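Just so we're aligned, residue 506 is where the sequence shown starts under my numbering, counting upward by one.
One structure is given here, and the rest of the page talks about it.
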Amino acid sequence: MFSMTVSVDGFVTDRAGDIGFSTPSDEVFHAHLEEVASLGAYLLGRRLYEMMRVWETDPAMRGTQAHAAFADVWCDLPKVVFSRTIERVEGNARLATGSVAEEVAAALASTDRDVSIGGPDLAGQAMRLGLVDELRVFRAPVVVGGGLPYLPSLDDPQRFALVSARPFDNGIVLEHYRRNGTGSVTGTGR
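In structure tokens:
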């Protein structure tokens with residue numbers, strides 16, 4: 506699955522690279538906690554790894570019960586980091602040694618739980634390979650007018666069906682889509 510908070514116009518950052526529009530309310534944070542707790546592995550790009558590393562390294566991130574729970578879940582989650590520029594990772598993570606397809610296959614083989622891929626560049630590569638079966642879009646009620654897009658440009662359309670839409674207290678709506686067609690849906694476990 507690929508899950509991120511996105512502006513109404515489809516960007517995960519604004520033009521300046523800021524994600525301030527995606528700050529979750531307590532209710533949305535709890536939904537993120539539930540989602541991450543359901544995972545068996547997480548594949549992520551360098552930028553997302555560096556942004557999320559604070560959950561493993563900064564004790565201040567444990568300031569509330571919900572934040573401490575998220576930090577625990579994130580620390581326990583096996584992670585595979587794709588990077589051409591860093592040589593070492595911390596915590597329950599390892600650097601990818603195979604291709605995106607190989608690492609996705611290995612992650613799926615290592616667990617009977619959901620596997621998520623994060624970071625729009627890495628997830629875009631997986632989308633182009635047809636490896637993303639679910640999209641979970643936390644749609645924020647803001648138009649940023651440009652920035653880093655959630656979804657990549659594709660040569661051919663990929664069809665997804667809306668499974669559910671869940672509104673939250675701060676105006677964010679979680680849109681859950683599943684790939685149409687035949688075959689297994691890897692985003693729902695095995």
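Glycine included, every Cβ here is placed at the ideal spot set by N, Cα and C.
Please read these numbers as outputs of a predicted model, since none were measured by experiment.
- When Cβ pairs closer than 8 Å are counted between the two stretches, the stretch 578-597 is seen to touch the stretch 543-553, the count reaching three or more.
- Contact annotation, Val578 with Leu553: C-beta distance approximately 16 Å; criterion of less than 8 Å not satisfied.
- Thr518 is positioned such that its CB atom lies closer than 8 Å to that of Gly652.
- No Cβ-Cβ contact shorter than 8 Å links Val511 with Arg671.
- In the three-state scheme derived from DSSP, where H, G and I count as helix and E and B as strand, Ala536 is classed as helix.
- Proximity of the stretch 557-566 to the stretch 600-608 falls short of the contact definition, fewer than three beta-carbon pairs being nearer than 8 Å.
- Distances from the CA of Gly522 to each of Leu679, Pro625 and Trp560 were compared; the closest alpha carbon is that of Pro625.
- Beta-bridge analysis with DSSP links Ala573 to no other residue.
- Ile677 is a Cβ neighbour of Pro646, given a cutoff of 8 Å.
- Counting only runs of 4+ residues, the alpha helix (DSSP H) found wholly inside the stretch 568-647 occupies 570-581, 605-614 and 625-633, in chain order.
- Taking 8 Å as the cut-off, the Cβ atoms of Leu659 and Arg633 count as close.
- With respect to the 8 Å criterion, Ser621 and Ser508 are classified as neighbours on the basis of their beta carbons.
- Contact between Val533 and Phe673 holds: their C-beta atoms lie close to 5 Å from each other, under 8 Å.
- Rounded to the nearest angstrom, the Cβ distance from Trp560 to Ala576 is 5 Å, consistent with a contact under 8 Å.
- Using a Cβ distance threshold of 8 Å, Asp617 and Met506 do not count as a contacting pair.
- Looking at the DSSP output, Leu549 bridges to Val586 and Gly623.
- Residue pairing by DSSP puts Phe665 in a beta bridge opposite Arg684.
- For Leu613, the number of other beta carbons within 10 angstroms of its own is at least 16, and it is reported as buried.
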